[in-house]
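Working notes for the structure below.
There are 2 protein chains.
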Amino acid sequence: MTDFSEPPGAGAAPASRRPAAGAVGRSAAPRATLGSVAALAGVSKQTVSNVINAPQMVRGNTASRVNAAITQLGYRPHRAAAQLRTRRSRVLGLRIPNRYTDAVFDRFLHALTDAAGALDYRIMLYTADDDTAEIRAYDELLDGWDIDGFVLTGTHPGDERTSYLSGAAVPCVTFGRPWDDSGHHPWVDVDGAAGTRAATEHLISHGHRRIGFLGWPDSSGVGGDRLAGWAGAISAAGLPALEPSRAVNDAHQGRAAAAALLDHTQPTAIVCASDVLALGAISEITARGMEVGRQIAVVGFDDTDISEVSGLSSLAQPLVEVALQSARLIAALLEKPADGPPEHVLLPPTLVTRASSAAFLP
Amino acid sequence: MTDFSEPPGAGAAPASRRPAAGAVGRSAAPRATLGSVAALAGVSKQTVSNVINAPQMVRGNTASRVNAAITQLGYRPHRAAAQLRTRRSRVLGLRIPNRYTDAVFDRFLHALTDAAGALDYRIMLYTADDDTAEIRAYDELLDGWDIDGFVLTGTHPGDERTSYLSGAAVPCVTFGRPWDDSGHHPWVDVDGAAGTRAATEHLISHGHRRIGFLGWPDSSGVGGDRLAGWAGAISAAGLPALEPSRAVNDAHQGRAAAAALLDHTQPTAIVCASDVLALGAISEITARGMEVGRQIAVVGFDDTDISEVSGLSSLAQPLVEVALQSARLIAALLEKPADGPPEHVLLPPTLVTRASSAAFLP
């Protein structure tokens, strides 16, 4: 039988929890410990431990006294001991991407912390430079911090992370579908193609006929999905298929690619794979003395703060819903072994229209 | 003696770690367990446990065999067992603010995850609606997840969180100084007054004489600090003390406050308490047909992505350094009881000049 570790009370804090010099107890009562429960109930610490761990070993009126003391003092047994019994930590790992600013990830992180918390899970963060380092981090976190499972983001073709976790029988859910056959796990994703299709149809309904696409260099995965929605809507409407322009996700690179798009294809509207690229396009259009939304319409993707400030129409990902579904799926996997194929949730983004794509008849 | 909990190997995964249907082991070797180490060394699991927990109980050549097997298999004892021995989880709690987009917090979070990771700590997130809820969350996290200590942000006058933690003898470090006598804990902060002073002196050196301030309604804490730097530089230069204009941290509110500032004080330059307020000012100036950086100079605070895209001069907080220092201070507190007053680190921000405050002689 594992005994309880005692949370440090004010009188018995281990060195590592001693307050800094100058700190004195003021507002807080000392936290209840196994010892204070035992003292109040007039029993040994072992008896308190037995009441919680092995109640059949303790006589009824002794157990009642101990339970009353536990309630009165608000004592909660230490989770580390509970972990050894249940092998569950209620902790989910989440890699924080290397780029310091990724509004979509950060919003998802906030929403996931909330959604996981509502199911009594906590999110533990880690960093990794690449997939190989991330796989190393899994083992560290599983061994060192006893993590129950992982929430992965940034899935991509050839993603070794999900096959590694499947092989190690570690539960995971991904925000992002598998872009090949690498994953047999539950996932939640946003339907990027549906988003760019909606943006393109919106522009068509406003009279645009030459609608360009400013996307990312890699046409696989998320970038290809967003390109496909635009291309499908253009094709369905029988409009000219202007050659897309491409840049990495950076406003300066986006501006250069927008310049090429304007020069080579003379669009009256541009659907962009991200708000960051859209900002590059806005800079270039403005620098050419044209007004965004009057001479050239622009639609972004992600509906960041920047969109609102810039009057940029954009596609809003339902990140709160993505987080709720992700938390639900991994909690289900942890709490009940899967008895069917893993569940997949694909959510549409919402087009938010602003001045950058206001009514316009070229 | 606490025994080890066995990390689940592929052959003995508890139900909760069973792979989803369809998942099969592929790339990963089964994770080493106490049992596989024992089998390889030809000893009992108890002997393996003794080698790690109580080596004096085990004969030398048996211990050698076990240690060789541990090395060969890459076995790492389960952290939950180690926690019970050391009462240390190597987990730090960090509250994620309610606002979904806070570029400064998010950058700090990334940098702190890195800095804590380098010291073998992990960051666990939690949410709370207010200080009272945050204090409740402390107890949940201490009892339920065995957290070693907390990194707090958003310190403010009358902050009950730090006095609560001091009273409960729970180590904490704050990003943000205590704005009254509530804290006797180590802290790291950015010198906001030094930042706005540098911004104001920069504008003065470019010929501006009527320099306004667009700040937050609450003049205590961070907002008051940023206002004080501007006011000090204005006073030192003997320039007119224009009445500041105030708004909550929102671009629309900021725009309205900027309009009032322009109408009532006719500034040629505006120092803003944040980039978000600065964006409001830019919108208003542009809407009046004036050019930012030519007719009216604007300086923001926080050097967000928005600054770079908008050509906004701004003050960059040294968030990587703040994170490194925060991690260092709490690790020191956890690893060695404080034997002197708590350490405080105040770091200056860096003025990044762009077109919005280009050379100008009104």
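Residue numbers (this note's numbering), protein chains in the order written: chain A, 1 to 362; chain B, 363 to 724.
Ideal Cβ placement from N, Cα and C applies to all residues, glycine included.
Among the residues of the region 290 to 313 of chain A, those with a Cβ less than 8 angstroms away from any Cβ of chain B are Thr304, Asp305, Ile306, Glu308 and Val309, in the order of the chain. Residues of chain A with a Cβ closer than 9 angstroms to the Cβ of valine 405 (chain B) do not exist; the shortest Cβ-Cβ separation is about 21 angstroms. Unbroken alpha helix (DSSP H) runs of no fewer than 4 residues, entirely contained in the region 624 to 699 of chain B, are found at 637 to 649, 667 to 672 and 681 to 697, following chain order.
About 26 angstroms separates the Cβ atoms of arginine 226 (chain A) and phenylalanine 150 (chain A), ruling out a contact at the 8 angstroms cut-off. In the structure shown, aspartate 468 (chain B) falls within a helical segment according to DSSP collapsed to helix, strand and coil. Residue range 122 to 126 is occupied by the beta strand (DSSP E) that includes tyrosine 126 (chain A). DSSP places arginine 65 (chain A) in the uninterrupted alpha helix (DSSP H) bounded by 60 to 73. Taking the C-beta atoms as reference points, leucine 315 (chain A) is found no nearer than 7 angstroms to proline 341 (chain A). Counted as a single uninterrupted DSSP element, the alpha helix (DSSP H) harbouring glycine 586 (chain B) occupies residues 583 to 598. The three-state secondary structure of isoleucine 458 (chain B), taken from DSSP, is coil.
In this structure, arginine 161 (chain A) lies near aspartate 131 (chain A), with their beta-carbon atoms less than 7 angstroms apart. If the five residues before and after tryptophan 145 (chain A) are omitted, its C-beta is found closer than 7 angstroms to the C-beta atoms of Val91 and Met124, all from its own chain and listed in chain order.
For chain A, the residues of the region 479 to 505 of chain B that bring a beta carbon within less than 7 angstroms of one of its beta carbons are Gly479, Arg484, Ile485, Met486, Leu487, Tyr488, Thr489, Leu504 and Asp505, in chain order. According to the DSSP secondary-structure assignment, glycine 215 (chain A) is paired through a beta bridge with A:Arg246. Within the region 584 to 613 of chain B, those residues whose Cβ lies closer than 7 angstroms to any Cβ of chain A are, in chain order, Ala613.
Within the model, the alpha-carbon separation for lysine 45 (chain A) versus asparagine 61 (chain A) is close to 16 angstroms. At a cut-off of 7 angstroms between beta-carbon atoms, tryptophan 507 (chain B) makes contact with chain A. Less than 7 angstroms divides the Cβ of leucine 152 (chain A) from the Cβ of cysteine 172 (chain A). A direct Cα-to-Cα measurement between glutamine 687 (chain B) and alanine 477 (chain B) gives close to 9 angstroms. Inter-segment contact for the region 609 to 617 of chain B and the region 636 to 654 of chain B is present: three or more beta-carbon pairs are separated by less than 8 angstroms.
Under the 7 angstroms criterion on CB atoms, leucine 396 (chain B) is classed as non-interfacial with respect to chain A. Exclusion of the five residues before and after asparagine 611 (chain B) leaves Trp578, Ser636, Val638 and Leu639 as the residues of its chain whose Cβ lies within less than 7 angstroms of its Cβ. Isoleucine 458 (chain B) belongs to the set of residues whose beta carbon lies under 7 angstroms from a beta carbon in chain A. Assigned with DSSP and collapsed to three states, threonine 162 (chain A) falls in helix.
If you ignore the 5 residues before and after glycine 212 (chain A), its C-beta comes within less than 6 angstroms of the C-beta of Leu242, Leu261, Thr265, Pro267 and Ile270, all in its own chain and listed in chain order.
By the neighbour-count criterion, in which 16 or more other beta carbons inside 10 Å mark a residue as buried, arginine 656 (chain B) falls on the exposed side. In the DSSP secondary-structure assignment, valine 714 (chain B) is bridged to B:Ser676. Around the beta carbon of proline 519 (chain B), a 10 Å sphere encloses fewer than 16 other beta carbons of the protein chains shown; the residue is thus reported as exposed.
Under the Cβ criterion of 7 angstroms, threonine 200 (chain A) is not counted among the residues facing chain B. Restricting attention to A:Tyr121, A:Thr200, A:Ser283 and A:Pro244, the CA atom closest to the CA of tryptophan 230 (chain A) is found in A:Thr200. Interface with chain A (7 angstroms Cβ-Cβ cutoff): threonine 648 (chain B) is excluded. Within chain A, the residues Thr127 have their CB atoms less than 8 angstroms from the CB of aspartate 476 (chain B), given in chain order.
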